[in-house]
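K.L.:
2 protein chains.
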Amino acid sequence: MTEDITPDLCPADPILRVMAGRWKTHIVYLLGEDGPARFTAIQRHLPPISPKVLTSRLRELEQDGLVWRVQEETIPPKVTYGLTELGLEVHAILKSFDAVGQRLKSASPDSPA
Amino acid sequence: MTEDITPDLCPADPILRVMAGRWKTHIVYLLGEDGPARFTAIQRHLPPISPKVLTSRLRELEQDGLVWRVQEETIPPKVTYGLTELGLEVHAILKSFDAVGQRLKSASPDSPA
DNA sequence: CCGAATCCGCTGTGATACTG
DNA sequence: CAGTATCACAGCGGATTCGG
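If you read the sequences in order, they're chains A and B.
For the first sequence, our numbering assigns the number 3 to the initial residue and increments by one for each residue that follows.
For the second sequence, our numbering assigns the number 3 to the initial residue and increments by one for each residue that follows.
(1) Do A:P13 and B:G84 have their beta-carbon atoms positioned less than 8 angstroms apart in this structure?
(2) Do you know whose CA, among A:A22, A:L33, A:H28, lies nearest A:L90's CA?
(3) If we define contact as Cβ-Cβ less than 8 angstroms, is B:T76 a contact residue for chain A?
(4) Have a look at A:E62 and A:V72 and give me their C-alpha separation to the nearest angstrom.
(5) Determine the extent of the beta strand (DSSP E) in which A:T57 is found, giving its start and end residues.
(6) Just to confirm, are A:H28 and B:L11 a CB contact at a threshold of 8 angstroms?
(7) Which of helix, strand or coil does DSSP assign to A:G84?
(8) Just the C-alpha distance for B:V81 and B:L18, rounded to the nearest angstrom, thanks.
(9) What's the gap between the Cα of A:T57 and the Cα of A:R46?
(10) Please return the same chain residues whose Cβ sits closer than 7 angstroms to the Cβ of A:R24, not counting the five positions on each side in sequence.
(11) Can you say whether A:G67 is buried or exposed, counting buried as having 16 or more other CB atoms within 10 angstroms of its CB?
(12) From A:K54 to A:T86, what distance separates their C-alpha atoms?
(13) Considering only DSSP beta bridges, list what A:E74 is partnered with.
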């Protein structure tokens, strides 16, 4: 089970859970910046990712409604992935994290407020 | 290794990585809503969390500069945890996720833009 | 070209019991 | 009260190979 928590807790948990797996932020960010892309193109931008893992992550993101998938039944096949409306929102949020992310480097705890 | 990615990728990855572990969002959210709290108090709010895991997560959050820790060397000991400035920022971000989190439920992919 | 199938190691998560 | 010690386990993440 992944959800047995009293419901009055952190409202951000679901979305954080969705984005938690490795590569996921990168995939959403990439599709948001460059627009829709094909399988191999995505893989080439995420250097050491295996096809299995990429497939897995894309399926999860699709399942959660962040990513859409179109398949042209040609030979060779042609599959394109892109962000849904919801995915675009998440992408915007990811970009807004930049500032706070910078401050993680210093990681200097201050005194109790 | 957890970081061998080309650096021009998602800027939100570091912070997402910091918040990824289970309970972490809840801990930060709790400390942000209720203010500083003691070990047992936190544990009582996060029902089935074991002391080992709670310690682990708190240590990580402290390490990353989101949480501070003060220990009074009394008997019995008295340890209090709270959010740093950075932790407060993250807490604010977590709250802002509420709206998008709601939309995850529907999870309806729309057509390619 | 886009995956599916298989195998495997690691580490995150957890229950439980014990200690200063 | 606030942890530590120990053990166990599931699942993710990854390398590699095969198929439509």
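Backbone N, C-alpha and C fix where the C-beta goes; we use that ideal spot for every residue, glycine too.
P.N.:
Taking the definition as stated:
(1) For this step, residue 84 of chain B is matched to residue 82 along the second sequence. For this step, residue 13 of chain A is matched to residue 11 along the first sequence. Not closer than 8 angstroms, so no.
(2) For this step, residue 90 of chain A is matched to residue 88 along the first sequence. Closest option to A:L90, Cα to Cα, is A:L33.
(3) For the purposes of this step, residue 76 of chain B is identified with residue 74 of the second sequence, where counting begins at 1. For B:T76, the answer is no, since every Cβ of chain A falls outside 8 angstroms of its Cβ.
(4) To locate residue 62 of chain A, count along the first sequence from 1; it is residue 60. To locate residue 72 of chain A, count along the first sequence from 1; it is residue 70. If you take the alpha carbons of A:E62 and A:V72, they lie about 15 angstroms apart.
(5) Counting from 1 along the first sequence, the entry for residue 57 of chain A is found at position 55. That residue, A:T57, is in no beta strand (DSSP E); its alpha helix (DSSP H) goes 53–65.
(6) By 1-based counting over the first sequence, the position of residue 28 of chain A is 26. By 1-based counting over the second sequence, the position of residue 11 of chain B is 9. In this structure, B:L11 lies closer than 8 angstroms to A:H28 by Cβ.
(7) Numbered from its first residue, the first sequence carries residue 84 of chain A at position 82. In the three-state DSSP reduction, A:G84 falls in the strand class (E or B).
(8) Looking up residue 81 of chain B in the second sequence gives position 79. Looking up residue 18 of chain B in the second sequence gives position 16. Rounded to the nearest angstrom, the gap between the Cα atoms of B:V81 and B:L18 is 27 angstroms.
(9) One-based indexing of the first sequence puts residue 57 of chain A at position 55. One-based indexing of the first sequence puts residue 46 of chain A at position 44. Roughly 14 angstroms separates the two Cα atoms.
(10) Translated into the one-based positions of the first sequence, residue 24 of chain A becomes position 22. A distance below 7 angstroms between beta-carbons, with the five flanking residues on each side excluded, links A:R24 to no residue of its chain.
(11) What you label residue 67 of chain A is simply residue 65 of the first sequence in a count that begins at 1. Its Cβ being crowded by 16 or more others within 10 Å, A:G67 is buried.
(12) Taking the first sequence and counting its residues from 1, the one referred to as residue 54 of chain A is at position 52. Taking the first sequence and counting its residues from 1, the one referred to as residue 86 of chain A is at position 84. Straight-line Cα distance between these residues: approximately 23 angstroms.
(13) One-based indexing of the first sequence puts residue 74 of chain A at position 72. Bridge partners of A:E74: A:K80.
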